[in-house]
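Protein chains in written order, with the numbering used here: chain A, 1 to 158; chain B, 1001 to 1091.
Where is the CB? At the ideal position from N, CA and C, for every residue including glycine.
Just so you know, these numbers come straight off a predicted model, no measurement behind them.
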Amino acid sequence: MPARVQTEDFDVGHELAALRNCDPSIGAVAAFVGTVRDVNADASVSSMTLEHYPGMTEKALETIVADAKVRWRIVEALVIHRVGALHPADQIVLVACTSAHRGDAFAACEFIMDYLKTRAPFWKKEETPEGARWVDARASDDEAAARWHAASKPLGKV
Amino acid sequence: MRDSLGTAVSLVYLARLREAFGAASERIEAPPHVNTVGALRAWLAARGGAWATELAPGRAVRVAVNHDLAGADTPISPGDEIAIFPPVTGG
Chain A
1 MPARVQTEDF DVGHELAALR NCDPSIGAVA AFVGTVRDVN ADASVSSMTL
51 EHYPGMTEKA LETIVADAKV RWRIVEALVI HRVGALHPAD QIVLVACTSA
101 HRGDAFAACE FIMDYLKTRA PFWKKEETPE GARWVDARAS DDEAAARWHA
151 ASKPLGKV
Chain B
1001 MRDSLGTAVS LVYLARLREA FGAASERIEA PPHVNTVGAL RAWLAARGGA
1051 WATELAPGRA VRVAVNHDLA GADTPISPGD EIAIFPPVTG G
């Protein structure tokens, strides 16, 4: 499964080793780990709860990974996203890609993360001194995802 | 014997909208003219209260039909699962 949604933490080293699977055709491994900050929008955050839409989440993540595999020459890709209660410094998300050369792994990793931010049905609710609040979506996330529409055509369709 | 040809669908509300509407899901039968996502949104907004506020034109709302993101023109069919939620904030 290229995409997992889970409450448990993940071990990046273990996950990357499993993804590489001793494949000697791989020359590059790029990984992104998102973590919980203790400050957001000028308020201190003591904890947060990640909610998702079971069924759609897995489908959306697998679609994003499949899209990345069409756009770049990557060997494998993995997305792990946690849900439930999380605290500052906890790991939230892992995106990892393997490829023969670094360019494809870097680009695919960033693409998957940008699309996840705007298309995968997750929502954060933060606990702050003023009470609980749902995190608002950022326009900068839409802009980050939008640049891929023009920047990289699918392979064979240039 | 039913005399209407309404569209029976399941609605799912998530995150802030679930709290605003006070429900996680419901089953409805939409009247025949409510046959797209956009028409459904307007029809639900006509309930008033939080529905009118949250689903007002211009409010950022996302809709998925059978787990795929949908647009206002996306048709709805009997048996569909239609989820209504705020813009996503994962990652």
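Looking only at its own chain, which residues have a Cβ that is under 8 Å from the Cβ of G27 of chain A, when we skip the five neighbours before and after it?
Correct list, in chain order: S99, A100, H101 and R102.
Apart from the five residues on each side of it in sequence, which residues of its chain come closer than 7 Å, Cβ to Cβ, to V1065 of chain B?
Excluding positions up to five away in sequence, the list reads V1037, T1074, I1076, D1080 and I1082.
Using a Cβ-Cβ cutoff of less than 6 Å, which residues in the same chain neighbour W1051 of chain B once the five nearest sequence positions on both sides are dropped?
Closer than 6 Å at Cβ, skipping near neighbours: L1044 and A1045.
If we ignore side chains and look at the alpha-carbon of each, how far apart do T34 of chain A and T57 of chain A end up?
For the sequence presented, residue 34 of chain A should be read as Gly rather than Thr. Cα-Cα distance, rounded: 17 Å.
With a cut-off of 7 Å, does the C-beta of W123 of chain A fall near any C-beta of chain B?
Answer yes: the Cβ-Cβ gap between W123 of chain A and chain B drops below 7 Å somewhere.
So is V93 of chain A in contact with chain B if we call contact Cβ pairs under 7 Å?
Yes, V93 of chain A lies at the interface with chain B (some Cβ there is under 7 Å from its Cβ).
Name the chain B residues that come within less than 8 Å of W148 of chain A, Cβ to Cβ?
Those do not exist, as W148 of chain A stays about 15 Å from chain B at its closest Cβ, beyond 8 Å.
Using the beta-carbon of each residue, which ones in chain B are nearer than 8 Å to T34 of chain A?
Per the sequence shown, the amino acid found at residue 34 of chain A is Gly instead of Thr. Under the 8 Å cutoff, chain B gives G1091.
Which residues mark the beginning and the end of the beta strand (DSSP E) in which E1081 of chain B is found?
From DSSP, the beta strand (DSSP E) with E1081 of chain B extends over E1081 to F1085.
Use the C-beta contact count for V1012 of chain B: other C-beta atoms within 10 angstroms, 16 or more gives buried, fewer gives exposed.
It counts as buried.
If the cut is a Cβ gap below 8 Å, which residues of chain B does V135 of chain A touch?
The answer, in chain order, is T1089.
DSSP has V95 of chain A in a bridge; who is on the other side?
Answer by DSSP bridge pairing, in chain order: A:F32 and A:V79.
If you compare alpha carbons, which of A:S44, A:A146 and A:T7 is closest to V129 of chain A?
Per the sequence shown, residue 129 of chain A should be read as Pro rather than Val. Among A:S44, A:A146 and A:T7, the Cα nearest to that of P129 of chain A is on A:S44.
For chain B, check one thing: does any of its Cβ atoms lie closer than 7 Å to the Cβ of G84 of chain A?
Not closer than 7 Å to any Cβ of chain B, the Cβ of G84 of chain A fails to qualify, so no.
Could you name each continuous beta strand (DSSP E) segment of 3 residues or more that falls completely within the stretch 81 to 146 of chain A, going from the start of the chain to the end?
The qualifying runs are 84 to 86, 91 to 99, 122 to 128 and 131 to 134.
Opposite P1075 of chain B in the DSSP bridges: which residues?
Its beta-bridge partners are B:T1036.
State the CB to CB distance for the pair T1053 of chain B and A137 of chain A, rounded to an integer number of angstroms; the pair is presumed to be in contact (CB under 8 Å).
18 Å between Cβ atoms; not a contact.
Are there 16 or more other CB atoms within 10 angstroms of the CB of G1091 of chain B, so buried, or fewer, so exposed?
Its Cβ being crowded by 16 or more others within 10 Å, G1091 of chain B is buried.
Could you tell me whether any Cβ in chain A is nearer than 7 Å to the Cβ of A1070 of chain B?
No - not a single Cβ of chain A is within 7 Å of the one on A1070 of chain B.
What is the DSSP secondary structure of H52 of chain A, counted as helix, strand or coil?
In this structure, H52 of chain A counts as strand in the three-state DSSP scheme.
For a cutoff of 7 Å on Cβ pairs, would you count L1040 of chain B as touching chain A?
No, L1040 of chain B does not count as interfacial toward chain A.
Let me see if you follow: with CB-CB separation under 7 Å, is L1014 of chain B close to chain A or not?
L1014 of chain B counts as touching chain A.
Report back the beta-carbon spacing between D114 of chain A and A68 of chain A to the nearest angstrom; my notes put them in contact at under 8 Å.
Incorrect: roughly 10 Å between the Cβ atoms, too far for contact.
Grab me the residues of A105 of chain A's own chain with a C-beta within less than 7 Å of its C-beta, minus the 5 sequence neighbours each way, in chain order.
Same-chain partners within the cutoff: A28, V29, A30, I74, C97, T98 and S99.
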